[in-house]
Amino acid sequence: MKESPETQKLEKILRSTKISAFGFMGTDPRSLSEIISSDLTDIRELGITIAKIVSRMKEITAKAEPALGSSIKIDNKLDVRIDEAKGRIICPWPHPASFPIRITYVENPQTGEKIQWTDLNIHLIEEHNFFEGKGSPYRIEPKELAKIIF
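If you read the sequence shown in this note's numbering, its first letter stands for residue 3, the second for the next number, and so on.
Structure (structure tokens):
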């Protein structure tokens with residue numbers, strides 16, 4: 003499918019950008035629309051919604067925020083730590099949105115499964131259905147995310 007000029011421009015920004023040293027598409031050869039479509043299919047197969055995923059990510063981050071820099075147990079199941087750096091990062095989509103440079107690390111100690119996300123990841127998922135491309139250091143696999151946080 004032929005992408006619109008706006009989508010082509012956005013994809014170029016996502017592949018190589020000053021916003022993120024590694025870009026948001028990683029090494030993924032698929033188009034932006036193919037990545038989003040594939041991730042949405044995975045989510046539908048799980049029987050959950052973007053809204054439910056984002057709500058849970060925000061809940062976990064909010065519960066861990068008071069312990070910034072230290073690990074905290076959440077829901078008697080997850081070990082969570084938030085690290086924060088100075089500054090903000092902007093959304094690569096053409097709208098005004100910026101977020102603290104903060105990473106939430108989540109581990110289920112019973113299974114050893116781990117995942118991490120940034121505040122920007124939450125926004126990208128919530129507003130753009132974008133989990134980033136494969137090979138991106140901040141790519142979130144939807145099935146892996148759901149397995150760990152629910």
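Yeah, the Cβ is synthetic: ideal placement off N, Cα and C, and Gly gets one too.
Would the stretch 34-47 and the stretch 3-17 be scored as touching if the rule is three or more Cβ pairs under 8 Å? Taking a cut-off of 8 Å on C-beta distances, the stretch 34-47 touches the stretch 3-17, as three or more cross pairs fall below it.
Out of Asp77, Leu122 and Glu67, point me to the one whose CA is closest to Ile92's CA. The shortest CA-to-CA distance from Ile92 to any of Asp77, Leu122 and Glu67 is the one to Leu122.
If you draw a straight line from the alpha carbon of Glu86 to that of Leu80, how long is it in whole angstroms? In this structure, the CA atom of Glu86 is about 19 Å from the CA atom of Leu80.
Hey, could you find the ends of the alpha helix (DSSP H) Pro7 is sitting in? Where Pro7 is concerned, the enclosing alpha helix (DSSP H) stretches over Pro7 to Arg17.
Where the alpha helix (DSSP H) containing Arg90 begins and where it ends: Where Arg90 is concerned, there is no enclosing alpha helix (DSSP H), although the beta strand (DSSP E) it sits in stretches over Leu80 to Ile92.
Pick helix, strand or coil for Ile50, following the three-state DSSP scheme. Coil at Ile50, not helix or strand.
Taking just the CA atoms, how far does Gly71 sit from Asn110? Cα-Cα distance, rounded: 18 Å.
Alpha-carbon spacing of Ile74 relative to Arg104, whole angstroms: Annotation: Ile74 to Arg104 spans about 16 Å, alpha carbon to alpha carbon.
Rounded to whole angstroms, what's the CA-CA distance from Glu51 to Asp41? Just pull it up for me. Here the sequence assigns Thr to residue 51, which means Glu is not the residue at that position. Going by the C-alpha atoms only, they are around 11 Å apart.
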